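Written below as structure tokens is the structure these notes are about.
Number of protein chains: 2
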Amino acid sequence: MPHPPHSSGEKLSRRTFHRASETERREDLIAATLDCIAEFGIQGATVRQIAARAGVTGGLIRHYFDSKDQMMQAAYREMMAAMTSGSIEAANSAGTAKQRLGRFIDANHSASVTDPRMLSLWAAFIGHIRHDPTFAAIHRENYTAILTALENLLRDFFIENNRPEEVARCHHHTVALTGLLDGLWLEATLADDLFAEGELQALAFRSVETLLGLKSGDLSVQTDDTQGADGIPPADPLKKDI
Amino acid sequence: MPHPPHSSGEKLSRRTFHRASETERREDLIAATLDCIAEFGIQGATVRQIAARAGVTGGLIRHYFDSKDQMMQAAYREMMAAMTSGSIEAANSAGTAKQRLGRFIDANHSASVTDPRMLSLWAAFIGHIRHDPTFAAIHRENYTAILTALENLLRDFFIENNRPEEVARCHHHTVALTGLLDGLWLEATLADDLFAEGELQALAFRSVETLLGLKSGDLSVQTDDTQGADGIPPADPLKKDI
DNA sequence: TGGCTTATTATACGCTTGAGTAATTTTTGG
DNA sequence: CCAAAAATTACTCAAGCGTATAATAAGCCA
Numbered sequence: 001m002p003h004p005p006h007s008s009g010e011k012l013s014r015r016t017f018h019r020a021s022e023t024e025r026r027e028d029l030i031a032a033t034l035d036c037i038a039e040f041g042i043q044g045a046t047v048r049q050i051a052a053r054a055g056v057t058g059g060l061i062r063h064y065f066d067s068k069d070q071m072m073q074a075a076y077r078e079m080m081a082a083m084t085s086g087s088i089e090a091a092n093s094a095g096t097a098k099q100r101l102g103r104f105i106d107a108n109h110s111a112s113v114t115d116p117r118m119l120s121l122w123a124a125f126i127g128h129i130r131h132d133p134t135f136a137a138i139h140r141e142n143y144t145a146i147l148t149a150l151e152n153l154l155r156d157f158f159i160e161n162n163r164p165e166e167v168a169r170c171h172h173h174t175v176a177l178t179g180l181l182d183g184l185w186l187e188a189t190l191a192d193d194l195f196a197e198g199e200l201q202a203l204a205f206r207s208v209e210t211l212l213g214l215k216s217g218d219l220s221v222q223t224d225d226t227q228g229a230d231g232i233p234p235a236d237p238l239k240k241d242i
Numbered sequence: 001m002p003h004p005p006h007s008s009g010e011k012l013s014r015r016t017f018h019r020a021s022e023t024e025r026r027e028d029l030i031a032a033t034l035d036c037i038a039e040f041g042i043q044g045a046t047v048r049q050i051a052a053r054a055g056v057t058g059g060l061i062r063h064y065f066d067s068k069d070q071m072m073q074a075a076y077r078e079m080m081a082a083m084t085s086g087s088i089e090a091a092n093s094a095g096t097a098k099q100r101l102g103r104f105i106d107a108n109h110s111a112s113v114t115d116p117r118m119l120s121l122w123a124a125f126i127g128h129i130r131h132d133p134t135f136a137a138i139h140r141e142n143y144t145a146i147l148t149a150l151e152n153l154l155r156d157f158f159i160e161n162n163r164p165e166e167v168a169r170c171h172h173h174t175v176a177l178t179g180l181l182d183g184l185w186l187e188a189t190l191a192d193d194l195f196a197e198g199e200l201q202a203l204a205f206r207s208v209e210t211l212l213g214l215k216s217g218d219l220s221v222q223t224d225d226t227q228g229a230d231g232i233p234p235a236d237p238l239k240k241d242i
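Just so you know, the sequences run in chain order Z and R. Note that this note's numbering numbers the first sequence so that position 54 is 54, with each residue one more than the last. Note that this note's numbering numbers the second sequence so that position 181 is 181, with each residue one more than the last.
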């Protein structure tokens with residue numbers, strides 16, 4: 001039994017608004033959702049808060065999404081894409097396998113991935129994975145995609161470097177490297193103040209080189225100019241401020 | 001203006017209850033809190049739900065904790081202790097540094113740590129770290145404790161193995177190993193169905209050996225009997241079910 | 001320009017939450 | 001056995017939640 005918004009007669013001024021296109025408005029709402037989760041946590045990401053952040057009123061959300069959950073799923077999809085697209089593009093880019101592997105590692109340390117916001121978002125969504133099959137599917141899809149991309153890349157790399165005997169161990173190398181890179185990402189986003197700028201990136205390069213049995217600097221020193229000059233200092237600037 | 005629980009006369013049977021000691025009841029409530037977070041997510045961990053899980057009624061919670069937040073903090077403290085205590089005890093245990101390092105790695109793959117519940121709990125609390133200084137302090141405390149324990153262990157290890165030149169790089173090794181182990185923990189708890197029993201543990205041993213420049217099997221083959229016989233098969237049972 | 005579609009606002013609804021109060025009943029230690 | 005304290009019961013309360021619906025304004029097309 002709906003009630004009239006105001007009893008009668010009174011003329012109230014409504015706020016003016018912009019009539020946006022569907023894709024534009026959806027993207028705004030998704031961005032606002034991610035903003036709110038990162039800033040206030042999953043608890044603070046309420047429909048009203050998200051709407052306020054997007055500069056609209058709450059009711060509008062249901063014009064673009066069937067429910068709040070559906071909007072959250074769309075936001076999760078976008079966030080995961082932002083996390084993995086750079087690495088996957090690097091793996092499938094042009095150049096030698098060695099160069100692509102270097103770019104793959106670099107992608108894990110790009111500003112958008114290392115952003116502390118990302119950990120908050122990632123953790124907030126993890127809780128949904130175990131209970132909501134849709135979230136589980138989105139996660140699994142992205143995870144296997146990046147595993148596959150890296151494994152194919154490593155296969156190319158070993159063939160390129162005349163080490164065919166390592167091809168059989170590609171999967172193990174893939175899991176180990178993924179673990180290492182993910183773990184360093186955790187440390188970077190979770191305790192960023194404990195590490196110097198570029199320290200973890202340099203460590204990632206050296207550790208991957210060691211795990212793959214390469215000489216130090218083999219990966220980080222690129223022959224083309226796409227990376228700019230960021231050589232790894234051979235000396236160790238020991239940093240301890242626990 | 002309080003009302004009497006029931007108007008008059010009627011004799012209602014109350015549920016019998018157990019009069020627990022303060023510490024016992026607090027532990028029950030903390031365990032119930034963790035159960036609810038792991039099972040229903042941080043959203044479903046309401047005061048009423050937690051009380052039901054603990055087998056008490058809601059009002060009792062405020063007899064033991066000043067607020068729900070304080071109970072959550074206590075739960076986080078207990079959860080983090082469960083995660084790190086095994087590793088730290090291993091690092092500080094008796095035996096050679098090599099043995100202790102092996103136990104340290106093993107601790108990361110104990111059933112209680114690998115339990116998928118742990119990831120849900122860990123992720124649920126991460127969201128609080130950035131906003132609540134108390135949670136941030138608890139996290140930082142545990143993180144630095146395990147970093148310190150591992151770094152000291154590695155120092156002992158390099159000295160024990162007559163490699164004093166590596167002592168200067170202990171911190172780097174510590175961060176790399178922590179990243180690797182944390183990352184493999186992530187993969188184990190997040191996509192446990194993709195890996196065979198013990199596969200990630202064996203991978204952890206081999207990767208650590210490689211990162212530290214040891215021969216394959218150096219760490220996993222223990223001279224004492226505390227570990228039981230779990231030799232790492234030299235052949236690679238390649239597993240691919242993506 | 002004027003009408004029509006619909007994106008958007010504004011408001012209301014039903015429900016749950018965390019927190020609080022006070023009286024009552026049960027357990028248990030001294 | 002008795003008194004102190006633990007625990008239950010049964011409410012209130014304000015705030016917040018996601019959702020639903022009616023009124024309104026914006027902008028496109030005839």
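Cβ coordinates follow ideal geometry from the N, Cα and C atoms, glycine included. This one's a predicted model, so the numbers in the text were calculated from it and none came from an experiment.
inquiry  = Against chain Z, does L101/R count as a neighbour if the rule is that its beta carbon must be under 9 Å from one of theirs?
reply    = Working through the second sequence from its first residue, we reach residue 101/R at position 101. Not an interface residue.
message = What does the alpha-carbon distance come out to for the pair I61/Z and E22/Z?
response = Mapped onto the first sequence, residue 61/Z falls at position 61. Mapped onto the first sequence, residue 22/Z falls at position 22. Taking the straight line from one Cα to the other gives about 12 Å.
query = From which residue to which residue does the alpha helix (DSSP H) around F157/Z run?
reply = Working through the first sequence from its first residue, we reach residue 157/Z at position 157. Its alpha helix (DSSP H) spans residues P133 to E160.
task = Could you tell me how far apart the beta carbons of G179/Z and A123/R are, in whole angstroms, since I believe they sit closer than 8 Å?
result = For this step, residue 179/Z is matched to residue 179 along the first sequence. For this step, residue 123/R is matched to residue 123 along the second sequence. Not quite, the Cβ-Cβ distance comes to about 17 Å (not below 8 Å), so this is no contact.
task = Pull up the distance between the alpha-carbon of P5/R and that of M118/R, whole angstroms please.
result = For this step, residue 5/R is matched to residue 5 along the second sequence. For this step, residue 118/R is matched to residue 118 along the second sequence. Unreliable placement is indicated for P5/R, whose pLDDT of 40 sits below 50; the coordinate value is still reported in the next sentence. Looking at the two C-alpha atoms, the distance is approximately 41 Å.
request  = Residues of the region 182 to 193 of chain Z with a CB closer than 7 Å to any CB of chain R: list them in chain order, please.
outcome  = D182, G183, L184, L186, E187 and A191
Interface residues of chain R facing Y143/Z [CB-CB closer than 9 Å] = Counting from 1 along the first sequence, the entry for residue 143/Z is found at position 143. Result: E187, L190, A191 and L194.
query = Counting contacts by CB-CB distance shorter than 9 Å, is K16/R in contact with chain Z?
reply = Locating residue 16/R in the second sequence gives position 16, where the first residue counts as 1. In the sequence on display, residue 16/R carries Thr and not Lys. No - not a single Cβ of chain Z is within 9 Å of the one on T16/R.
request  = Following the continuous alpha helix (DSSP H) through T84/R, name the residue where it begins and the one where it ends.
outcome  = Stepping through the second sequence from its first residue, residue 84/R is reached at position 84. Looking at the DSSP string, the run of the alpha helix (DSSP H) that includes T84/R is K68 to A91.
query = Which of helix, strand or coil does DSSP assign to G55/R?
reply = Here the question's residue 55/R lines up with position 55 in the second sequence. In this structure, G55/R counts as coil in the three-state DSSP scheme.
request  = Run the CB neighbour count on G217/R, radius 10 Å, all protein chains shown included, and call it buried at 16 or more, exposed below.
outcome  = On the second sequence, residue 217/R is found 217 positions in, with the first residue counted as 1. Counting Cβ neighbours within 10 Å, G217/R comes out exposed, since fewer than 16 surround it.
key: Beta-carbon spacing of A149/R, A91/R below 9 Å   = For the purposes of this step, residue 149/R is taken as the residue at position 149 of the second sequence. For the purposes of this step, residue 91/R is taken as the residue at position 91 of the second sequence. In this structure, A91/R lies closer than 9 Å to A149/R by Cβ.
query = Hey, does L150/R have any beta-carbon neighbour from chain Z nearer than 9 Å?
reply = On the second sequence, position 150 is the one that residue 150/R refers to. False, the Cβ-Cβ gap to chain Z never drops below 9 Å.
task = Indicate the three-state DSSP secondary structure (helix, strand or coil) for E27/Z in the structure shown.
result = As a position in the first sequence, residue 27/Z is number 27, starting the count at 1. DSSP places E27/Z in helix when its eight states are reduced to three.
request  = Evaluate contact between the region 78 to 91 of chain Z and the region 143 to 158 of chain Z, counting only Cβ atoms and requiring at least three cross-stretch pairs below 8 Å.
outcome  = yes
ask   = What in chain R is Cβ-close to V175/Z, meaning under 7 Å?
value = Walking along the first sequence from the start, residue 175/Z turns up at place 175. The answer, in chain order, is E187 and L203.
inquiry  = Would F40/R pass as an interface residue toward chain Z - the criterion being a Cβ-Cβ separation below 9 Å?
reply    = One-based indexing of the second sequence puts residue 40/R at position 40. F40/R counts as touching chain Z.
ask   = Hey, quick one: how far does the alpha helix (DSSP H) through R169/Z stretch, first residue to last?
value = On the first sequence, position 169 is the one that residue 169/Z refers to. Run containing R169/Z: none; DSSP gives neither H nor E here.
key: T174/R vs L203/R beta-carbon contact at 9 Å   = As a working mapping, residue 174/R is identified with position 174 in the second sequence. As a working mapping, residue 203/R is identified with position 203 in the second sequence. The answer is no: Cβ separation not under 9 Å.
key: Bounding residues of the alpha helix (DSSP H) (the contiguous stretch that carries K98/Z)   = Start at 1 with the first residue of the first sequence, and residue 98/Z comes out as number 98. Start and end: A97 to A107.
task = Taking a Cβ distance cut-off of 7 Å, strictly less, list which residues of the region 203 to 220 of chain R are near chain Z, in chain order.
result = L203, S207, T210 and L211
key: Cut-off 8 Å between Cβ atoms - residues of its own chain near L121/R, not counting five sequence neighbours on either side   = Locating residue 121/R in the second sequence gives position 121, counting from the first residue. Correct list, in chain order: L34, I37, A38 and M79.
ask   = Excluding sequence positions up to five away, which residues of its chain have a Cβ less than 7 Å from the Cβ of E166/R?
value = Numbered from its first residue, the second sequence carries residue 166/R at position 166. Around E166/R: F158.
Proximal chain Z residues relative to L119/R, where beta-carbon distance stays under 8 Å = Taking the first residue of the second sequence as position 1, residue 119/R is located at position 119. Neighbours of L119/R on chain Z, chain order: I126.
key: Residue nearest to E187/Z in terms of C-alpha spacing, selected from Y76/R, R140/R and S110/R   = Position 187 of the first sequence, counting from 1, holds the residue named residue 187/Z. For the residues Y76/R, R140/R and S110/R, the minimum Cα distance to E187/Z belongs to R140/R.
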